[in-house]
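Below: the structure, in structure tokens.
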Amino acid sequence: MPRKLSGLLISDFTLDVLKSFFSNQMDSSSYDVRISPFGQKINSFRHSPHIFGTEPLDFVVVWNQITAVIPSFQRILCFEEVSQQELLSECDQFISAIKEASTFSRYFFVVNWALPGYFRGYGPVDLRKSNGWQHALLTLNKHLAQELAHIPNVYLLSSERWLQIVGEKACDPRLWYMSKIPYDMGVFKLAAEDIKAALRACLGGSRKLVILDLDDTLWGGIVGDDGWQNLRLGGHDAQGEAYADFQRALKSYQKRGVLLAIVSKNQENIALEVFDRHPEVILKKSDFVGWRINWKDKTENITDLLKELNLTQEAAVYIDNSPIERARIQESLPGVLVPSWTQNSLLYTKAFLSLSCFDTAFVSDDDQKRSQMYLQEKDRSSLRAKAPSMDEWLSSLNTTITIEPLTTTNLPRATQLLNKTNQMNLTTRRLNEGEFLKWSQDPSHRVWIFRVEDKMGDSGLTGIASFACNGQEAKIIDFILSCRVFGRQIENAMMETLIREAKKLKIQKLTGVYLPTEKNIPCLEFLSERCGSTKISDHTFMWDTKKDYPRTRFITVKEVETFNL
Amino acid sequence: MDAPLYGPQGLVDSVTLVLLIVAIEQKIEESLQVTIVLGDYAAGLGEYNPFKNIKTLCEHIAVLINSGNYAA
């Protein structure tokens with residue numbers, strides 16, 4: 005059973021309701037959450053550092069009311085003049101306290117400030133005057149966002165969104181006067197959902213792939229019966245506009261790195277005609293990394309598609325308007341997220357944009373190219389099918405691996421890979437940027453970062469390997485390769501690198517201890533069968549650096565000189 | 022209906038009681054367009070405890086609504 009995530013909630017108001025949402029038995033993760041003593045402001049934590057306890061914390065949530073931490077905002081609420089400098093200086097004190105406190109926890113969430121909807125301030129000139137309530141609030145929130153963006157393990161959460169969704173009831177003064185609770189239960193429920201989604205994102209649990217049905221999901225109507233000309237898609241029609249908007253939303257997510265695929269019971273050539281010929285279609289065939297359009301069982305099709313994409317069920321979301329199909333997939337593929345889906349197509353975009361499963365803790369250039377990379381992978385596979393042998397295929401790819409040290413430049417993407425990779429991952433350890441950097445700076449630790457490129461395209465930063473030295477022995481700590489590239493002997497080249505580097509350090513014995521998870525069997529298979537190791541026990545493997553191991557052919561290795569972090 | 026709600030052996034703690042009070046007040050405002058004040062009774066519970074169980078709470082709400090002791 006995975007260990008509980010330990011959290012601390014810090015606030016100047018009653019947070020029992022928020023805490024109660026962390027004890028839901030239905031959650032996939034479990035939490036051990038405590039609340040700081042009542043009335044706690046983060047600014048004053050230096051006087052009471054004991055609030056963080058002695059055990060390491062996985063996450064901290066700081067939710068302070070604006071008047072509690074920015075005293076001059078209270079004067080603004082009394083329509084007194086306060087200089088911008090004074091406001092920002094108090095905000096800087098708050099930020100400085102956050103910076104210092106952020107070292108006590110792996111992930112640190114700060115809730116930004118919001119005012120109840122009934123706070124009118126100056127009315128129409130409130131946003132014009134620098135001392136207008138909303139104007140001052142916007143200034144402070146912007147400053148907070150800009151400054152906290154520089155601290156890698158600190159994430160700012162938006163309370164305005166929670167208040168907006170809950171509406172008029174969001175801030176009921178009765179709760180405040182009777183219990184010092186400033187918000188309705190609905191606000192805390194949304195806050196807890198967002199915090200859990202953020203933690204999932206930090207720990208590599210974001211979903212990567214949306215698998216879509218077609219008829220009455222991507223367009224209105226049944227293409228096989230109605231023909232592509234008569235589908236409801238775009239045009240001056242509420243339904244048609246809504247379907248086009250849903251496709252636009254999917255396309256926008258594809259641009260940020262979410263992959264799209266199709267699994268539909270249809271005749272393939274007829275269904276695909278829509279993407280080629282319909283004048284108002286937004287998504288094109290090239291936007292999808294794969295499809296299974298046939299009359300087979302959808303479970304079989306999804307399983308097959310995931311295998312082709314080297315993805316696990318836990319990476320996928322399945323969207324279908326049919327409750328029967330959804331129930332079938334939910335039951336047969338429990339790892340796939342199957343959101344309950346509205347029957348009203350006018351609400352499809354809202355339902356999709358509300359999903360928190362795609363929340364991400366980091367956005368890299370590679371994310372934006374991900375769809376393109378999967379399409380390149382498809383080209384590689386078709387080349388593989390045509391090649392007479394595996395060797396000829398590998399040789400034809402002209403693969404180059406660039407090995408570089410961990411640097412402040414590649415640290416964010418490397419940390420993202422460390423936290424997201426599940427399958428080819430020896431130990432599945434999860435670290436934030438600060439922890440990874442600190443670990444790599446230990447004189448007995450070595451880290452190598454791998455970039456992969458071939459004639460089909462650049463796969464980007466896709467591998468990490470590290471070991472910890474102890475005299476004449478070294479233990480492999482990380483052996484991580486993105487699922488997009490394994491199976492092309494990149495993993496062999498990585499292992500060769502470790503053995504070569506160990507030799508350089510006069511290390512005689514290199515060991516790797518495989519820590520099993522539900523998803524990293526591919527790593528065990530590689531260690532057991534394809535890398536020349538000596539098996540010491542079920543999960544322990546050894547390489548004698550005096551021995552010669554077979555060299556990887558077909559791959560050119562480039563090394564970037566070590567430079568200081 | 023007779024299960025203890027708030028007080029000795031009660032099912033809810035003080036924070037939950039406040040959430041319940043406000044939720045009931047809001048619901049009555051929405052449904053009947055009248056504002057009743059249940060919260061006053063939560064502050065100093067003496068011998069009369071309308072939050073003793075669901076039954077006493079319902080009776081208390083009915084009395085408040087029927088007495089016209091509310092802000093319309």
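Keeping their order, the protein sequence lines are chains A and B.
Take the first sequence: its letters are residues 5 to 569, numbered as in our numbering.
Take the second sequence: its letters are residues 22 to 93, numbered as in our numbering.
Ideal Cβ positions, reconstructed from N, Cα and C, are used throughout, including at glycine.
All of these numbers come straight from a predicted model, not from anything done at the bench.
| field | Residue interval of the beta strand (DSSP E) (run including T406/A) | value | 403-409
* **I484/A classed as buried or exposed, judged by whether at least 16 other C-beta atoms fall within 10 angstroms** => buried
Where A47/B meets chain A, residues with beta-carbon distance less than 8 Å: With the sequence shown as reference, residue 47/B is identified as Gln, and Ala is not the correct amino acid for it. Chain A residues near Q47/B: K173, D176.
- E563/A - partner residues in DSSP beta bridges: Note: E563/A sits in a beta bridge opposite I407/A.
Legend entry - Proximal chain B residues relative to D20/A, where beta-carbon distance stays under 7 Å: V36
Check your understanding: Any beta-carbon of chain B closer than 8 Å to the one on L179/A?
Key -> Answer yes: the Cβ-Cβ gap between L179/A and chain B drops below 8 Å somewhere.
>> Just to make sure I have the definition right: I need the residues of chain B whose C-beta is within less than 7 Å of the C-beta of M189/A. Which are they?
In response: L40
Rounded Cβ spacing between V21/A and L53/B (contact assumed at less than 8 Å):
With a Cβ gap of about 26 Å, V21/A and L53/B do not count as contacting.
Verify the CB distance criterion: does V33/B have a CB-CB separation below 8 Å to chain A?
Not an interface residue.
What residue range does the beta strand (DSSP E) around Y35/A cover? Here the beta strand (DSSP E) through Y35/A covers 35-39.
**Within chain A, partners of V43/B - CB distance below 7 Å** = D176, R178, L179
Checklist line | Cβ-Cβ distance between V115/A and L152/A below 8 Å | finding: no
inquiry  = So that I know if they touch, is there some Cβ in chain B lying closer than 8 Å to that of S358/A?
reply    = no
Q: Quick one: residues in its chain with C-beta nearer than 7 Å to the C-beta of T364/A, no 5 flanking neighbours on either side, listed in chain order?
A: A205, S210
Alpha helix (DSSP H) containing F26/A: first to last residue? Taken as a continuous stretch (DSSP letters only), F26/A belongs to no alpha helix (DSSP H), as it is neither H nor E.
Under the DSSP definition of a beta bridge, which residues are partnered with A202/A?
In DSSP, A202/A forms no bridge with anything.
(message) Quick check: the Cα distance between D446/A and H54/A, rounded to an integer number of angstroms?
(response) If you take the alpha carbons of D446/A and H54/A, they lie about 28 Å apart.
| According to DSSP, which residues form a beta bridge with L146/A? | Looking at the sequence itself, residue 146/A is Lys, so the reference to Leu does not match. None, per the DSSP bridge assignment.
Quiz item: Any beta-carbon of chain D closer than 8 Å to the one on G28/B?
Solution: Any reference to chain D falls outside this structure, whose protein chains are A and B.
#### Entry: Segment limits, alpha helix (DSSP H) that includes R433/A
It is not in any alpha helix (DSSP H) - R433/A carries neither H nor E in the DSSP assignment.
* From H51/A, R260/A, F471/A, V262/A, residue whose alpha carbon lies closest to that of R450/A -> F471/A
- [ ] Identify every residue that forms a DSSP beta bridge with S473/A.
- [x] Residue 473/A is actually Cys in this sequence, not Ser. Paired residues: A478/A.
Note to self: Below 9 Å on C-beta distance, what does G60/B contact in chain A?
What the structure shows: R178, Y181, M182
Beta-carbon spacing of E573/A, R488/A below 8 Å
Given a span of 5 to 569 for chain A in the structure shown, any question on residue 573/A remains unanswerable.
- Using a Cβ-Cβ distance under 8 Å, would I185/A count as near chain B? yes
Could you tell me whether the Cβ atoms of A497/A and V561/A are closer together than 8 Å? yes
In its own chain, which residues sit with a C-beta less than 7 Å from the C-beta of D23/B, not counting the 5 before and 5 after it? Result list for D23/B: N74, K76, in chain order.
Under the DSSP definition of a beta bridge, which residues are partnered with N298/A?
In DSSP, N298/A forms a bridge with K269/A.
Q | Proximity winner among D482/A, A202/A, E477/A, S393/A, relative to L430/A (alpha-carbon distances) | A | D482/A
Measuring straight from C-alpha to C-alpha, what distance separates D462/A and M377/A? 8 Å
query: How would you call V58/B, buried or exposed, if buried means at least 16 neighbouring beta carbons within 10 angstroms?
result: exposed
- prompt: Would a C-beta distance cut-off of 8 Å place F98/A and I46/A closer than the cut-off?
  reply: Their beta carbons are under 8 Å apart, which means F98/A touches I46/A by this criterion.
Open item on the list: Whole angstroms are fine: how far does the CA of L142/A sit from the CA of K513/A?
Closed with: 59 Å
- Selection from L309/A, I70/A, A391/A, L401/A that minimises the alpha carbon distance to P186/A: I70/A
- Task: Assign K300/A to one of two classes, buried (16 or more other C-beta atoms within 10 Å of its C-beta) or exposed (fewer than that).
- Result: exposed
- Task: Compare the Cα-Cα distances from L19/A to each of R79/A, N68/A, Q420/A, K103/A and report the closest residue.
- Result: N68/A
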